[in-house]
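Q: The listed protein sequences derive, respectively, from chains Y and W.
Whatever position you read off the first sequence (first residue = 1), add 2 for my numbering.
Whatever position you read off the second sequence (first residue = 1), add 2 for my numbering.
Could you have a look at this structure, given as C-alpha cells, before my questions?
2 protein chains.
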Amino acid sequence: MGEACHHHHHDGPPTAADVERALGDADARLTAEGERMTAARLRVLELLLAAGEPVKAYDLIARFGTDGQPAKPPTVYRALEFLERKGLAHRIASISAYVACSSGTIDHSAAFLICDCCGATEEVAAPVAEGLDRAARAAGYAIVRTTVEAHGRCPACLAA
Amino acid sequence: MGEACHHHHHDGPPTAADVERALGDADARLTAEGERMTAARLRVLELLLAAGEPVKAYDLIARFGTDGQPAKPPTVYRALEFLERKGLAHRIASISAYVACSSGTIDHSAAFLICDCCGATEEVAAPVAEGLDRAARAAGYAIVRTTVEAHGRCPACLAA
DNA sequence: TCAGTGGTGTTATGAGATAACATCACATGC
DNA sequence: GCATGTGATGTTATCTCATAACACCACTGA
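Below is the structure:
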C-alpha cells in the first residue's frame with residue numbers, strides 16, 4: 003500500500019448500521035436461495051464489509067475471533083471461496099486481497115480502481131467487457147471470468 | 003491449469019531460432035538504452051521465450067541452471083522484476099505466473115486471454131483501456147498500470 | 001584511488017493458500 | 001425413530017509464492 007504519499011481517510015468504512023443491513027440482506031437472500039449462511043461466512047463477510055476496502059486474508063484470519071482469537075486459515079479461505087462464488091466478495095489478484103462486493107447486481111464481472119497510495123478501491127461495473135469481449139471473439143476464446151484491476155491514485159491522493 | 007479437458011498442443015513453443023533472435027533483439031535494444039542485459043536476465047528471458055506460455059516462478063528457478071542446478075529465488079525474481087520493468091515480460095496475477103511479452107510495442111498495457119484448460123495464453127493489445135479509462139476518469143482516478151486477464155477456453159479446447 | 005551505483009550470491013524468513021482427514025450438522029427417505 | 005448422504009467445519013501439516021537483509025562484486029566517474 004502506501005509508498006509515496008501519506009495515508010488519507012478516504013471513503014472510510016461504512017457505519018455499523020450499514021454493515022448490519024448488508025449482512026441481513028445477504029443472509030436473507032442466500033437463505034432464500036437454499037444456501038447456508040453459516041457463522042464463519044457471516045463473520046468473514048462482516049469483516050469485509052466493516053473494512054470498506056480490500057483486506058488481506060491473514061488480516062481476516064487475525065480479526066476473525068470476536069475475542070481476539072485468530073481463525074485457522076482454511077476457515078477463512080473456505081468462507082472467502084463461498085462468498086466469491088455467491089458474488090458477495092471479490093478477490094483482487096494484483097494485491098492478493100479480498101473485498102466485499104459493492105455492487106447490487108448478482109453475477110457481474112467486476113473491475114476495480116485501486117489507489118496505491120491510500121488503499122481505497124472503487125468497484126466499477128464491467129465497462130471493460132466490450133473491448134475484452136471483442137478481442138476474445140477475434141481470438142476465438144470463450145471467456146468464463148475476468149480479472150480487471152487498474153492501479154493508480156484516487157482523487158483524494160491526487161489532490162494531496 | 004487443466005481441470006476438465008486434456009492437454010492439447012496449442013501454439014507450442016517457438017523454435018530455437020526464434021528464441022535466439024528474440025533474445026538478440028532484446029539484448030541489443032536494452033544495451034543500446036544503457037541497460038545491462040546480464041546473464042541471469044538473459045537466461046530468464048530465454049526460459050520464458052522458450053516456454054511460449056506462462057511459467058511459474060519456481061519452475062523458472064528449477065530450470066535456471068543449464069546443468070540442472072536450480073537458481074536461488076531472488077536471482078529469478080530480480081530478473082523478472084527487471085524484465086517486467088522493461089516491458090519484456092509480464093506477470094499474470096490471476097495465476098501467479100510470468101510470460102514473455104509477445105508484443106513488439108514498448109510501454110503497453112497488456113491484456114491476456116488465458117485458457118484454463120491447456121494453459122495457452124494470448125496477449126492482446128489493450129483494447130480494454132478505453133472502457134477502463136472512461137470509468138477511471140469518471141471516478142477521478144489516475145491510472146498507472148492495469149491488470150487485465152480473461153480466463154476461459156481457447157479455440158482448440160473449445161473444439162475438443 | 002576512492003566513492004557511488006547497480007547487480008549478484010546467500011541465508012533466512014515472511015506471506016499466501018491448500019491438501020488431507022476426521023468430525024459434525026442437517027435434510028431426506030425409509 | 002433412525003439410517004444415510006451431502007455439505008460444512010475443525011485441525012494438522014505442508015506447499016507455493018515472494019522478499020528482507022547483508023555481504024560482495026563490477027563498473028563508472030570525480
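Glycine included, each C-beta is placed from N, C-alpha and C at the ideal position.
Which full runs of the beta strand (DSSP E) of 3+ residues lie inside the stretch 108-157 of chain W, going along the chain?
A: Those beta strand (DSSP E) runs which fall completely within the stretch 108-157 of chain W and span 3+ residues are 112-117, 123-127, 144-155.
Q: Measuring only between beta-carbons, confirm whether E55(W) sits less than 8 Å from chain Y.
A: What you label residue 55(W) is simply residue 53 of the second sequence in a count that begins at 1. Answer no: the Cβ-Cβ gap between E55(W) and chain Y never drops below 8 Å.
Q: Can you tell me whether D118(W) is buried or exposed, with buried defined as 16 or more other CB within 10 angstroms of its CB?
A: Here residue 118(W) refers to the residue found at position 116 when the second sequence is read from its first residue. So D118(W) counts as buried.
Q: For a cutoff of 8 Å on Cβ pairs, would you count V101(W) as touching chain Y?
A: For the purposes of this step, residue 101(W) is identified with residue 99 of the second sequence, where counting begins at 1. No, because no Cβ of chain Y sits closer than 8 Å to the Cβ of V101(W).
Q: Counting only runs of 4+ residues fully inside the stretch 26-107 of chain Y, write out the alpha helix (DSSP H) ranges in chain order.
A: Complete alpha helix (DSSP H) runs here, min 4: 41-53, 59-65, 75-87.
Q: Suppose you measure from the CA of T86(Y) to the CA of R136(W); what does that come to, to the nearest Å?
A: Against the first sequence, residue 86(Y) aligns to sequence position 84. Against the second sequence, residue 136(W) aligns to sequence position 134. For the record, residue 86(Y) in the displayed sequence is Glu; it is not Thr. Between E86(Y) and R136(W), the C-alpha separation is close to 26 Å.
Q: Could you give the distance in angstroms between the alpha-carbon of L82(Y) and the alpha-carbon of Y100(Y)?
A: Looking up residue 82(Y) in the first sequence gives position 80. Looking up residue 100(Y) in the first sequence gives position 98. Answer to the nearest angstrom: the Cα atoms are 8 Å apart.
Q: Is the CB of S105(Y) under 8 Å away from at least one CB in chain W?
A: For the purposes of this step, residue 105(Y) is taken as the residue at position 103 of the first sequence. No, its Cβ sits nowhere closer than 8 Å to a Cβ of chain W.
Q: So what does DSSP say about A24(Y), is it helix, strand or coil?
A: Along the first sequence, read from residue 1 onward, the residue named residue 24(Y) stands at position 22. Looking at A24(Y) - three-state DSSP - the assignment turns out to be helix.
Q: Can you name the residues of chain W whose CB is closer than 8 Å to the CB of D118(Y)?
A: By one-based count along the first sequence, residue 118(Y) stands at place 116. Correct list: V146.
Q: Tell me which same chain residues have a C-beta within less than 7 Å of the C-beta of L44(W), skipping the five on either side of it?
A: As a first step, residue 44(W) is located in the second sequence; it is residue number 42 there, counting from the start. The answer, listed in chain order, is L25, D29.
Q: Tell whether a beta-carbon distance below 8 Å holds between A138(Y) and L134(W).
A: Residue numbering aside, residue 138(Y) sits at position 136 when the first sequence is read from its first letter. Residue numbering aside, residue 134(W) sits at position 132 when the second sequence is read from its first letter. No, they are not a contact pair.
Q: Going by other Cβ atoms of all chains shown within 10 Å of its Cβ, with 16 needed for buried, is S98(Y) buried or exposed?
A: If you number the first sequence from 1, residue 98(Y) lands on position 96. The residue is exposed, with fewer than 16 neighbouring Cβ atoms inside 10 Å.
Q: For P157(Y), collect the residues of the same chain with a Cβ closer than 6 Å to its Cβ; drop the 5 residues on either side in sequence, then sort them by chain order.
A: For the purposes of this step, residue 157(Y) is taken as the residue at position 155 of the first sequence. Counting only Cβ-Cβ distances below 6 Å, and skipping sequence neighbours, we find nothing.
Q: Does A161(Y) come out as helix, strand or coil in the three-state DSSP assignment?
A: Numbered from its first residue, the first sequence carries residue 161(Y) at position 159. In the structure shown, A161(Y) sits in a helix (DSSP, three-state: H, G or I).
Q: So V21(Y) and L62(Y) are in contact, right, with Cβ under 8 Å, and what is the actual spacing, rounded?
A: Numbered from 1 along the first sequence, position 19 holds the residue referred to as residue 21(Y). Numbered from 1 along the first sequence, position 60 holds the residue referred to as residue 62(Y). In fact, because the Cβ distance is near 15 Å, the residues do not count as touching under 8 Å.
Q: Going by C-alpha distance, which of A91(W), I145(W), P72(W), T17(W) is nearest P56(W)?
A: Along the second sequence, read from residue 1 onward, the residue named residue 56(W) stands at position 54. Nearest option by C-alpha distance: A91(W).
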